[in-house]
Amino acid sequence: MANPKKISLSQSRDIPFDKLVQSSRNVRRVRAGVSIEELAEDIVRRTLLQSLSVRAVIGEDGQPTEKYEVQAGGRRYRALELLVKQKRLAKNAPIPCIVREDGILEEDSLAENCQRVSLHPLDQFRAFQSLKVQGLGEEEIAARFFVTPQIVKQRLKLASVSPRLLEVYADDGMSLEQLMAFTISDDPARQEQVWETVQRGYNKEPYYIRKLLTEDTVRATDKRARFVGLAAYEEAGGIVLRDLFSQNDEGWLQDVALLEQFVTEKLAAEAETIKAEGWKWIEVAPDFPYGHTAGLRRVMGEMEPLSDDEYARREALRSELVEIEQRYFQESDEDLPEEIDRRLAEIEAELDAFEERPVCYDPEEVARGGAFVSIDGDGRLKVERGYVRPKDEAPVADDGGGAGEARGDVDAASPGSVEGAHFASSQDPTNTSSSDADADGEEDGLKPLSERLVMELTAHRTLALRDALAGDPDIAFLSALYALVLQTFWRYPTASCLEIRAESPTPTVQGPGLKESQSAKAIDERHANWEKQLPGEPELLWEFLCDFDHDSRMALFAHCVSLTVNAVHEPWNRTQGRRHHADQIASAVSLDMTAAGWKPTAESYLNRVPKARILEAVTEAKGAGMAELIEGLKKSDMAEQAERLLADTGWLPEPLRTPGVETASHAGEGAEAEPDGQPQGESAADLPEFLTAAE
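Start counting the sequence shown at 23; every next residue gets the next number (the numbering used here).
In structure tokens form, the structure reads like this:
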């Protein structure tokens, strides 16, 4: 066997920088990656780590000149050139070069770039970790490699994942996105356990890995966590699992018991402060169900009045606001100057503060009323003051005249006055003895009319009043409104002569998110606004409503009537016609539950129905092709994927659909599929890879 031919390597030598020129034949034309300025700073720190590849420039006579053109290493040449211009490098400084003589320049330039293998990300992570071990801080590492400290933290976090999982990643058994998901846990054993679980199932998506790693935790965005504050929780030793790769700065609180303890203690402290105001009772809970104030009377306090200085300040702000609006919102459609936009925000914030002043309550009402202390959806303290339980109401004397009317004194009545007449009280309403005595005139002075006679007379008056009211629709409407408002805001059904009962039942079941739904918030806000406008005493209500304009009466009437709606399907209460009437009203108002905020999530629907129902929903909204892709999944995984597929489709289950209102459920019925099984207009590209990859 012949000996292999020995090769000779190209000559290496130092060439003065002023003898080098940039080659126009270098194949790399597109500039990308580290900037020339950053590369120059790196050369200053570490000198030139890689030689330039050059060739002698051939003159017009075909002979080599004293100049050399850089065929590979153009970025390094430009960085050196920048240092010369900055006078940080001598013009004739010797530059290490590899001098090529044979072959083609373009081929050498192409080969250098094609043969170069980029560093594996894991090697980079480990290199950063090695620098950290050797004493370099995150800021210093970031400065040396021209990256942000956050990127350094992320790479160090990736290097800290279980060594076993890092080897899986190195062997291409795991994607970078999956590896990133494991960084939210600092427990290598737990990481490996979750990876084994993922390997046995279909779902290997990063979001699912995060879900398994945080299933016994509480999100940092949870209202309880926001109420307590992450700083206080961590100061007490609580651990927060953080996702350094999330743009939303997500985190999970690991010590749920500690969080609950903080919530309980902080709410209790706040409750003591509220109780010091004199309220009879305080109820405390992180959350109360929707309708928890039903059956309680609401006490409306009066906002603390403004001082003269505060009033003047508020008016000055309002004038300034009007001036800005007239100047910038009428003359131009362009964006506001930054300083004006900032000033508008300051004015609005200060004006809002004037509207959120302390409320003063009647001390007697405070002594019999109470408050609910909880946490609102944004994690702030929520205090609902001024609710009176029926058992705590002050006793009211009853003379048959309705709530709030005290029994009159006989001596106070004016003789002969119809308004001052008092009806006799008797154990037997049919007793006519006093009537007979009055008729015979056997006793001196005027005596009260008998109950029987009063009943007969008022029966005549009732029919006459019915007939008269039927001839005046405006007063009939006003009377009905009066009765509804009394029951809606004061719970006094007997204070009206109309036998109208306005019941506002609390739903017998509380589905997920009911209290925080768009509809619940809108109803509560509207009710509170009306409470602020209505008079403090029911005796003033009739005159108040008489002075109301037509539109305001209609709006208040609609609010009161709306609170009596009960379209809940109850197996034990199959009221005939309830659902049919609910459908009729829904059609009349074009009710769209999607616009009302309801979405088919795993929590609200998908995890609570059989797999067949999940597939039915996906088929109706996205087509049979999409349903087939998730058909073989486990129930929980199927619900997760279905939630993603149904997002923003407008699909609704049958009990939430409104006759005559188009939904994705109706639009998807009968949809044809393409020959490959995918629904028309849809693509499997939006699905996770584990559902679409070929076996």
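Where is the CB? At the ideal position from N, CA and C, for every residue including glycine.
Notebook entry, point to check: Short check: CB of Met322 to CB of Glu547, under 8 Å?
Noted result: no
Check: In whole angstroms, what separates the C-alpha of Lys633 from that of Gly645?
Finding: 16 Å
Checklist line | Straight-line gap, Gly424 to Gly672 (C-alpha atoms, nearest Å) | finding: The predicted position of Gly424 is uncertain, since its pLDDT is 44 and thus under 50; no value can be drawn from it.
Check: Hey, which unbroken runs of the beta strand (DSSP E) at 3 residues or more fall wholly within the region 299-353?
Finding: With a minimum length of 3 residues, the continuous beta strand (DSSP E) runs that stay inside the region 299-353 are 303-306.
Checklist line | Element boundaries [alpha helix (DSSP H), containing Thr239] | finding: No alpha helix (DSSP H) holds Thr239; DSSP gives it neither H nor E.
Note to self: With distance defined between alpha-carbon atoms, name the residue in Ile120, Trp303, Leu280, Ala550 nearest to His581.
What the structure shows: Ala550
Notebook entry, point to check: Looking at Phe150 and Val174, is the spacing between their C-beta atoms short of 8 Å?
Noted result: A contact, by the Cβ cut-off of 8 Å.
Note to self: Counting C-beta neighbours from all protein chains within 10 Å, is the total for Ala389 16 or more, i.e. buried, or is it exposed?
What the structure shows: exposed
Next item on the list: Since I believe Ile397 is in contact with Lys245 (beta carbons under 8 Å), could you give me their beta-carbon distance rounded to a whole number of angstroms?
Entry: 5 Å
Item checked: DSSP three-state assignment for Ser396, whether helix, strand or coil -> strand
Checklist line | Exposed unless 16 or more other CB atoms sit within 10 angstroms - verdict on Val410 | finding: buried
Notebook entry, point to check: Hey, how far is the Cα of Ala505 from the Cα of Ser518?
Noted result: One C-alpha to the other measures close to 6 Å.
Notebook entry, point to check: Based on Cα-Cα distance, which residue from Leu655, His591, Glu662, Arg635 lies nearest to Thr623?
Noted result: Measuring from the Cα of Thr623, the nearest candidate turns out to be Glu662.
Checklist line | Asp130 classed as buried or exposed, judged by whether at least 16 other C-beta atoms fall within 10 angstroms | finding: Burial call: buried.
Check: For Arg523, which three-state DSSP category applies?
Finding: coil
Item checked: Endpoints, beta strand (DSSP E) assigned at Leu403 -> First-last of the beta strand (DSSP E) with Leu403: 403-410.
Notebook entry, point to check: Any idea what DSSP makes of Gln215, helix, strand or coil?
Noted result: helix
Item checked: Opposing strand residues paired with Ser34 [DSSP bridges] -> In the DSSP output, where bridge partners are listed per residue, Ser34 has Ile120.
Margin query: With H, G and I counted as helix, E and B as strand and the rest as coil, what does DSSP make of Leu61?
Written below: Helix.
Margin query: Just list the residues that DSSP pairs Val43 with in beta bridges.
Written below: Glu91
Margin query: Given this structure, state the Cα-to-Cα distance separating Phe12 from Val507, to the nearest angstrom.
Written below: Absent from the structure is residue 12, since the part of the chain shown begins at 23 and ends at 717.
Margin query: Let me confirm a value: Ala643 is counted as buried when at least 16 other C-beta atoms fall within 10 Å, else exposed. Which label applies?
Written below: buried
Item checked: Closest by C-alpha distance to Pro171, when choosing among Lys154, Leu187, Arg340, Ser184 -> Lys154
Notebook entry, point to check: What residues match up with Pro86 in a beta bridge as DSSP calls it?
Noted result: Ile80
Next item on the list: Mind the definition here: the region 229-239 touches the region 200-213 only if three or more C-beta pairs lie below 8 Å; say whether that holds.
Entry: yes
Notebook entry, point to check: Where does Leu485 sit, in a helix, a strand or coil, going by DSSP?
Noted result: In the three-state DSSP reduction, Leu485 falls in the helix class (H, G or I).
Next item on the list: From the DSSP output, in three-state form, read off Ser448 for me.
Entry: Any reading at Ser448 must be qualified, since the residue scores a pLDDT of 37, below 50, and its modelled position is unreliable; no value is offered.
Margin query: Between Phe394, Ala254, Leu318, Pro380, which has its C-alpha nearest Trp301's C-alpha?
Written below: Phe394
Next item on the list: Identify the continuous beta strand (DSSP E) that holds Leu263 and give its terminal residues.
Entry: Its beta strand (DSSP E) spans residues 262-264.
Check: Taking all protein chains shown into account, do 16 or more other C-beta atoms lie within 10 angstroms of the C-beta of Arg186, making it buried, or fewer, making it exposed?
Finding: Arg186 comes out exposed.
Next item on the list: Check whether the region 35-50 touches the region 92-105, taking contact to mean three or more Cβ pairs, one atom from each stretch, closer than 8 Å.
Entry: yes
Notebook entry, point to check: Hey, is the region 336-344 in contact with the region 372-391, meaning 3+ C-beta pairs nearer than 8 Å?
Noted result: Segments in contact, yes.
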